[in-house]
Amino acid sequence: MKFDNHDTVYGIHSLMLVMAVVVIIIIVLLYVTAIPEFIEKHIGMGQEWIIAVIVLLYLLFFGYFVWKDAAFVSYNDEGGKLVIRTFKLRPWGGRKISMEILHSEFYRYEITSKWPKKQLHIYVKKGSKIMKYPPVSVVSLTPEQFNNMEDSLKQLSKV
Numbered sequence: 818m819k820f821d822n823h824d825t826v827y828g829i830h831s832l833m834l835v836m837a838v839v840v841i842i843i844i845v846l847l848y849v850t851a852i853p854e855f856i857e858k859h860i861g862m863g864q865e866w867i868i869a870v871i872v873l874l875y876l877l878f879f880g881y882f883v884w885k886d887a888a889f890v891s892y893n894d895e896g897g898k899l900v901i902r903t904f905k906l907r908p909w910g911g912r913k914i915s916m917e918i919l920h921s922e923f924y925r926y927e928i929t930s931k932w933p934k935k936q937l938h939i940y941v942k943k944g945s946k947i948m949k950y951p952p953v954s955v956v957s958l959t960p961e962q963f964n965n966m967e968d969s970l971k972q973l974s975k976v
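Numbering (our numbering), first residue to last: 818 to 976.
This is the structure in structure tokens:
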């Protein structure tokens with residue numbers, strides 16, 4: 818089985834870009850129109866506070882995906898080995914990880930869920946040692962992709 822969540826990743830990136838453009842347009846409108854006076858008259862907030870709230874809301878929106886640990890995931894169990902490629906959707910620390918595990922070395926897997934994160938932990942057996950790969954965030958997979966991945970890993974699991 819082979820899949821990736823590039824559609825979800827593109828959707829998240831597109832949404833972040835659209836939201837950034839909307840924030841910029843709103844800030845420009847606040848500087849070139851009489852909207853700040855209207856808002857200050859009816860709500861009592863000055864232009865600086867309005868801009869601060871808008872920017873804070875955007876940063877919270879952006880931070881949600883960083884906190885959630887959203888990631889690109891490519892999964893392939895064909896050809897005698899399990900190949901997982903991933904990178905986190907964040908502006909910093911988004912290193913790319915690629916795991917290639919022979920089916921004969923795959924030992925077991927574990928899914929941990931602690932809201933809002935969901936991670937896949939993979940264990941391999943080499944000789945008498947059991948080693949653990951770095952966790953892979955699977956929170957951005959669709960339910961169908963997650964179920965397919967879990968079914969595939971159950972078949973490969975030796976425990």
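From the three backbone atoms N, C-alpha and C, an ideal C-beta is built for every residue, glycine too.
As the structure is a computational prediction, the values presented were derived from the model and not from experiment.
Taking 9 Å as the cut-off, the Cβ atoms of residue 973 and residue 938 do not count as close. Apart from sequence neighbours up to five positions away, no residue of its chain approaches residue 842 with a beta-carbon distance below 6 Å. Between the alpha carbons of residue 886 and residue 837 lies a gap of roughly 20 Å.
Bridge pairing for residue 914: 903 [DSSP]. By the C-beta density criterion, residue 824 is exposed, having fewer than 16 other C-beta atoms within 10 angstroms. For the set 927, 888 and 916, the Cα lying nearest the Cα of residue 954 is the one of 888. Two segments are said to touch when three or more pairs of C-beta atoms, one from each, lie closer than 8 Å; by this definition the segment 826 to 834 does not touch the segment 844 to 852. The beta carbon of residue 883 is closer than 7 Å to those of 907 in its chain, skipping five residues each way along the sequence.
Only residues of its own chain outside the window of five on either side were considered, and among them 929, 936, 937 and 938 have a CB closer than 8 Å to the CB of residue 952, listed in chain order.
Non-local C-beta neighbours of residue 871 in its own chain, meaning closer than 8 Å and more than five positions away in sequence, comprise 840, 843 and 844, ordered along the chain. In the displayed model, residue 975 falls within coil according to three-state DSSP, outside both helix and strand. For residue 920, there is no enclosing beta strand (DSSP E), as DSSP marks it with neither H nor E.
For the set 879, 874 and 894, the Cα lying nearest the Cα of residue 819 is the one of 894.
The residue from 970, 858 and 912 with its alpha-carbon nearest to that of residue 900 is 970.
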